[in-house]
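Asks: What follows is a structure written as structure tokens; I'll ask about it next.
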Amino acid sequence: MTLMSRVAPADQPLLKVERLTKRFGSRIGCADVSFDLYPGEVLGIVGESGSGKSTLLSCLAGHQRPDLGQIAYDGFDVLGMSETGRRRLSRTDWAYVHQNPRDGLRMGVSAGGNVGERLMAVGARHYGQIRARAVDWLGRVEIAADRIDDRPSAFSGGMQQRLQIARNLVTAPRLVYMDEPTGGLDVSVQARLLDLLRGLVRDLGLSVVIVTHDLAVVRLLAHRLMVMKSGRVVEQGLTDQVLDDPQHPYTQLLVSSVLQV
Amino acid sequence: MKAGSPALAAVDPVTQRDQRAPERLGPQPEQKDHRPQNHDGNGDDQQRCGDIVGRQGETPEWAGTMTDYNFAYLDEATKRMIRRAILKGMAVPGYQVPFASREMPMPYGWGTGGVQVTAACLVPEDRLKVIDQGADDTTNAVSIRRFFQRTAGVAVTEATTEATVIQTRHRIPETPLTEGQILVYQVPIPEPLRFLEPRETETRKMHELEEYGLMHVKLYEDIARHGRIATSYAYPVRVEGRYVMDPSPIPKFDNPKMSGNPAIQLFGAGREQRIYALPPWTDVVSLDFDDHPFETSKAPHDCDLCGARHSYLDEVITDDQGGRMFVCSDTDFCAGRRAQGKKGQLWAPEPEAAE
Chain A
0 MTLMSRVAPA DQPLLKVERL TKRFGSRIGC ADVSFDLYPG EVLGIVGESG SGKSTLLSCL
60 AGHQRPDLGQ IAYDGFDVLG MSETGRRRLS RTDWAYVHQN PRDGLRMGVS AGGNVGERLM
120 AVGARHYGQI RARAVDWLGR VEIAADRIDD RPSAFSGGMQ QRLQIARNLV TAPRLVYMDE
180 PTGGLDVSVQ ARLLDLLRGL VRDLGLSVVI VTHDLAVVRL LAHRLMVMKS GRVVEQGLTD
240 QVLDDPQHPY TQLLVSSVLQ V
Chain B
0 MKAGSPALAA VDPVTQRDQR APERLGPQPE QKDHRPQNHD GNGDDQQRCG DIVGRQGETP
60 EWAGTMTDYN FAYLDEATKR MIRRAILKGM AVPGYQVPFA SREMPMPYGW GTGGVQVTAA
120 CLVPEDRLKV IDQGADDTTN AVSIRRFFQR TAGVAVTEAT TEATVIQTRH RIPETPLTEG
180 QILVYQVPIP EPLRFLEPRE TETRKMHELE EYGLMHVKLY EDIARHGRIA TSYAYPVRVE
240 GRYVMDPSPI PKFDNPKMSG NPAIQLFGAG REQRIYALPP WTDVVSLDFD DHPFETSKAP
300 HDCDLCGARH SYLDEVITDD QGGRMFVCSD TDFCAGRRAQ GKKGQLWAPE PEAAE
């Protein structure tokens with residue numbers, strides 16, 4: 000894989016997660032998850048439905064509060080931070096791409112407004128400049144500039160997902176969380192979206208945590224891979240290594256379950 | 000009761016009720032209390048159609064039947080609760096204070112919030128003015144004014160300069176307000192972020208954390224769609240650099256009048272159960288973009304009755320042939336100018352069209 004040849008640019012981890020645990024009563028959401036994410040690195044998390052991938056991601060993004068463990072972003076203790084600080088982080092340094100674009104977009108607001116929202120949230124007050132940035136970003140995600148005043152509800156599923164990505168990346172975040180970004184898209188649209196994501200990740204030097212159940216997606220995008228089952232990490236390592244030489248029985252099952260066309 | 004006139008003392012139900020009064024809570028006793036006066040009041044109402052200002056200065060004969068606390072329709076506990084909310088609102092300008100809005104004897108949307116705030120502010124010495132879209136003589140204004148004449152017996156007036164409390168629906172009077180006056184707004188939807196963010200928990204959080212980017216998204220959408228900020232009423236403002244506030248559906252023409260105003264401005268939303276306030280001399284800034292600054296707007300005409308050039312105008316359709324005229328929406332302001340001899344182009348001394 001071409002991406003594998005990239006060397007992580009810095010020696011300090013951007014995101015450091017230790018023993019993260021989230022319980023729902025007596026049930027385990029995710030347990031004892033630890034990993035480091037370096038700048039420019041893409042970490043894939045795979046596992047079957049209910050294995051705790053999404054719980055882990057929403058704990059990382061601050062949507063849910065974990066019961067135990069620590070998250071350090073760029074040296075700052077995220078869980079000990081005030082909510083103001085955490086929300087500011089998630090407006091500026093972080094981005095979250097939802098599986099369903101309707102969760103991540105404002106469906107009643109035009110495409111330009113959607114892209115501009117984060118800019119305005121961090122204080123942009125010049126209409127012309129906001130609009131120029133929006134046009135620029137729509138171009139980068141291959142949405143025609145003349146669609147800027149259309150609402151997302153007039154867009155196809157693939158366009159909505161690309162719009163969501165543009166909306167998230169416009170403030171140049173350093174860390175992007177993606178929850179099944181290609182779910183619900185047909186394969187040809189998926190392929191183009193993956194291509195786009197790969198280009199953006201490389202050009203912008205993003206660190207990404209991507210949750211998916213699609214092994215092809217992580218094969219293309221992720222440098223490293225974590226395999227989860229029943230809330231716990233059962234195997235982790237370099238993506239190609241895990242996929243080509245799975246050690247844990249569950250990973251072996253997962254890899255062998257992929258349909259070959 | 001002791002101060003009651005002979006006519007009052009003769010009414011049995013009143014004396015009976017008066018004995019029971021200590022055990023009863025809620026606003027009903029007072030309402031009953033004033034039934035007898037309704038005969039009085041009705042007679043007045045007839046008269047008042049001609050001259051509303053006529054009662055000014057009289058001390059109503061039933062004033063003595065009320066305690067200081069239960070003055071003006073509200074019971075003691077309610078009044079205290081609303082006054083606390085008002086004080087809190089004054090202490091945190093622009094912050095929406097929740098309060099336990101009571102049912103008022105009028106439907107939601109008719110100014111129940113404003114009525115409760117007014118009732119909580121009124122003292123017997125007050126002189127009340129009520130306007131609806133600037134006019135003193137429309138249904139909403141007349142019925143609320145009559146309500147307070149019956150239940151509080153306060154003096155009323157149409158003159159902005161003479162009023163101590165002004166309840167308004169959707170306008171700020173043209174005549175500048177002065178220190179010591181209270182302007183009470185009726186508010187339908189107090190939350191400026193509501194149409195972009197339907198969740199109350201989320202909008203509260205956004206106020207708490209000063210996340211007001213969304214407000215500009217609304218203005219952005221306006222410009223994207225119409226080429227300019229097309230929001231012309233309920234135009235969002237920022238108060239003292241902190242809370243973003245909905246100024247109630249006043250035209251944006253009135254927005255600059257809110258800032259640095261010497262009067263106390265109170266906002267009451269009955270259905271949504273919120274009170275907020277602007278203390279005197281509060282800094283109020285209308286939101287805008289650097290390259291699309293805030294602008295007031297009004298119909299590009301002079302008033303056809305009084306010739307005023309800079310007052311906010313209503314368009315009145317006069318026939319079904321496309322005939323129309325523009326008149327000041329502030330009736331007191333317009334009448335005052337005409338009294339000074341100023342004339343618009345359609346003003347006639349026998350004014351069927353005017354009144």
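In order, the protein sequences belong to chains A and B.
Residue 256 in numbering that gives the first Met the number 0 sits at position 257 of the first sequence; the count goes up by one each step and never skips.
Residue 22 in numbering that gives the first Met the number 0 sits at position 23 of the second sequence; the count goes up by one each step and never skips.
Even glycine gets a Cβ: it sits at the ideal position worked out from N, Cα and C.
Treat the numbers as computed from the prediction; the structure is a model and nothing was measured.
1. Decide yes or no for the touch test of the segment 123-136 of chain A against the segment 85-101 of chain A: beta carbon pairs closer than 8 Å, at least 3 of them.
2. In the segment 211-229 of chain B, which residues sit with their C-beta less than 9 Å from some C-beta in chain A, listed in chain order?
3. Should residue 192/A be labelled buried (16 or more other beta-carbon atoms within 10 Å of its own) or exposed?
4. Of all Cβ atoms in chain B, is any one closer than 7 Å to the Cβ of residue 109/A?
5. As an exercise, report each continuous beta strand (DSSP E) stretch of at least 3 residues that is fully enclosed by the segment 199-256 of chain B, in chain order.
6. Note down the Cα distance separating residue 46/A from residue 23/A, rounded to an integer number of angstroms.
7. Anything in the segment 283-297 of chain B with a Cβ closer than 7 Å to a Cβ of chain A? List those residues in chain order, please.
8. Considering only the beta carbon of each residue, do residue 36/A and residue 14/A sit closer than 7 Å?
9. Give the list of continuous beta strand (DSSP E) stretches no shorter than 3 residues that lie fully inside the segment 29-97 of chain A.
10. So, using beta-carbon positions, are residue 256/B and residue 234/B closer together than 7 Å?
11. What are the residues of the segment 58-83 of chain A that lie near chain B, defined by any Cβ-Cβ distance shorter than 9 Å?
12. In chain order, which alpha helix (DSSP H) runs of at least 4 residues are fully inside the segment 184-238 of chain A?
13. Nearest to residue 171/A by alpha carbon, out of 91/A, 217/A, 48/A and 50/A?
14. Starting from residue 11/A, follow its DSSP beta bridges and name the residues at the other end.
15. Return the chain-ordered list of same chain residues with a C-beta closer than 7 Å to the C-beta of residue 85/A, the five sequence neighbours on each side being excluded.
16. Mapping DSSP to helix, strand and coil, what is residue 116/A?
17. Just checking my contact of residue 93/A with residue 174/A at CB under 8 Å: how many whole Å lie between their CB atoms?
18. With a threshold of 16 other CB atoms inside 10 Å of the CB of residue 108/A, please say whether the residue is buried or exposed.
19. Please list, in chain order, all residues of the same chain as residue 209/B whose beta carbon is under 8 Å from its beta carbon, the five residues on each side excluded.
20. Would a check of beta-carbon distances place residue 192/B closer than 7 Å to chain C?
21. Would you check if the segment 85-101 of chain B and the segment 268-288 of chain B touch, i.e. whether three or more CB-CB distances between them fall below 8 Å?
22. Could you give the distance in angstroms between the alpha-carbon of residue 249/A and the alpha-carbon of residue 200/B?
23. So does residue 150/B have its beta carbon nearer than 6 Å to some heavy atom of the ligand ZN?
24. Does the CB of residue 165/A have a neighbour CB from chain B at under 7 Å?
25. From which residue to which residue does the beta strand (DSSP E) around residue 190/B run?
26. Would you verify that the beta carbon of residue 86/B is, or is not, closer than 7 Å to some beta carbon of chain A?
27. Check the C-beta distance from residue 118/B over to residue 184/B and give it rounded, since I have them as a contact under 8 Å.
28. Using three-state DSSP, classify residue 315/B as helix, strand or coil.
29. CB-CB under 6 Å to residue 308/B, same chain, minus the five flanking residues each way: which ones, in chain order?
30. Look at the alpha carbon of residue 263/B and the alpha carbon of residue 122/A, and state the distance between them as a whole number of angstroms.
31. Kindly say whether residue 106/A, judged by its beta-carbon, lies nearer than 7 Å to any beta-carbon of chain B.
32. Determine the DSSP secondary structure at residue 337/B, reduced to helix, strand or coil.
33. Would the segment 141-148 of chain B and the segment 337-348 of chain B be scored as touching if the rule is three or more Cβ pairs under 8 Å?
34. Could you check what DSSP says for residue 166/B in three-state terms: helix, strand or coil?
35. Is the Cβ of residue 73/B closer than 7 Å to any Cβ of chain A?
36. Taking the alpha-carbon positions, what's the residue 38/A to residue 198/A distance?
Replies: Working from what's here:
1. no
2. 211, 212, 213, 214, 215, 216, 217, 218, 219, 220, 222, 223 and 224
3. One-based indexing of the first sequence puts residue 192/A at position 193. The residue in question, residue 192/A, is buried, as its Cβ has 16 or more Cβ neighbours within 10 Å.
4. On the first sequence, position 110 is the one that residue 109/A refers to. At least one chain B Cβ lies under 7 Å of residue 109/A.
5. 236-238 and 242-244
6. For the purposes of this step, residue 46/A is taken as the residue at position 47 of the first sequence. For the purposes of this step, residue 23/A is taken as the residue at position 24 of the first sequence. Using only the alpha carbons, I get a separation of about 19 Å.
7. 288, 289, 290 and 291
8. Residue mapping note: residue 36/A aligns to position 37 of the first sequence, counting from 1. Residue mapping note: residue 14/A aligns to position 15 of the first sequence, counting from 1. For residue 36/A and residue 14/A, yes; Cβs fall inside 7 Å.
9. 41-45, 67-72 and 93-96
10. Position 257 of the second sequence, counted from the first residue, corresponds to residue 256/B. Position 235 of the second sequence, counted from the first residue, corresponds to residue 234/B. It is not a contact, given that the beta carbons lie outside the stated cut-off.
11. 82 and 83
12. 186-203 and 214-220
13. Mapped onto the first sequence, residue 171/A falls at position 172. The shortest C-alpha separation from residue 171/A is found at 91/A.
14. On the first sequence, position 12 is the one that residue 11/A refers to. Its beta-bridge partners do not exist; DSSP assigns none.
15. The residue given as residue 85/A occupies position 86 in the first sequence. Correct list, in chain order: 61 and 77.
16. Here the question's residue 116/A lines up with position 117 in the first sequence. Reduced to three states, the DSSP call for residue 116/A is helix.
17. Looking up residue 93/A in the first sequence gives position 94. Looking up residue 174/A in the first sequence gives position 175. Confirmed, Cβ separation roughly 5 Å.
18. Mapped onto the first sequence, residue 108/A falls at position 109. It counts as buried.
19. In the second sequence, residue 209/B corresponds to position 210, counting from 1. For residue 209/B, where only same-chain residues beyond five positions count, the Cβ hits under 8 Å are 241.
20. The chain labelled as chain C is not found among the protein chains of the depicted structure, namely A and B.
21. yes
22. Here residue 249/A corresponds to residue number 250 of the first sequence, with the count starting at 1. Here residue 200/B corresponds to residue number 201 of the second sequence, with the count starting at 1. Answer to the nearest angstrom: the Cα atoms are 42 Å apart.
23. Judged by which ligands are present, the structure shown has none, so any question about the ligand ZN falls away.
24. Position 166 of the first sequence, counting from 1, holds the residue named residue 165/A. Chain B contact via Cβ: absent.
25. Mapped onto the second sequence, residue 190/B falls at position 191. It is not in any beta strand (DSSP E) - residue 190/B carries neither H nor E in the DSSP assignment.
26. Locating residue 86/B in the second sequence gives position 87, counting from the first residue. Using a Cβ-Cβ cut-off of 7 Å, residue 86/B does not count as an interface residue toward chain A, since no Cβ of chain A sits closer than that to its own.
27. As a position in the second sequence, residue 118/B is number 119, starting the count at 1. As a position in the second sequence, residue 184/B is number 185, starting the count at 1. Taking the Cβ atoms as the reference, residue 118/B lies roughly 15 Å from residue 184/B, outside the contact range of under 8 Å.
28. Taking the first residue of the second sequence as position 1, residue 315/B is located at position 316. In this structure, residue 315/B counts as strand in the three-state DSSP scheme.
29. As a working note, residue 308/B is residue 309 in the second sequence. Contacts found: 301.
30. Locating residue 263/B in the second sequence gives position 264, where the first residue counts as 1. Locating residue 122/A in the first sequence gives position 123, where the first residue counts as 1. Each residue's Cα considered, the two are about 31 Å apart.
31. Looking up residue 106/A in the first sequence gives position 107. It does not; no Cβ of chain B falls within 7 Å.
32. Sequence index remark: in the second sequence, residue 337/B carries index 338 (1-based). Assignment of residue 337/B by DSSP, reduced to helix, strand and coil, places it in the helix class.
33. Cβ pair count under 8 Å is below three, so no.
34. As a first step, residue 166/B is located in the second sequence; it is residue number 167 there, counting from the start. Note: residue 166/B maps to strand in three-state DSSP.
35. To locate residue 73/B, count along the second sequence from 1; it is residue 74. With 7 Å as the cut-off, residue 73/B does not count as an interface residue toward chain A.
36. Indexing the first sequence from 1 puts residue 38/A at position 39. Indexing the first sequence from 1 puts residue 198/A at position 199. Answer to the nearest angstrom: the Cα atoms are 16 Å apart.
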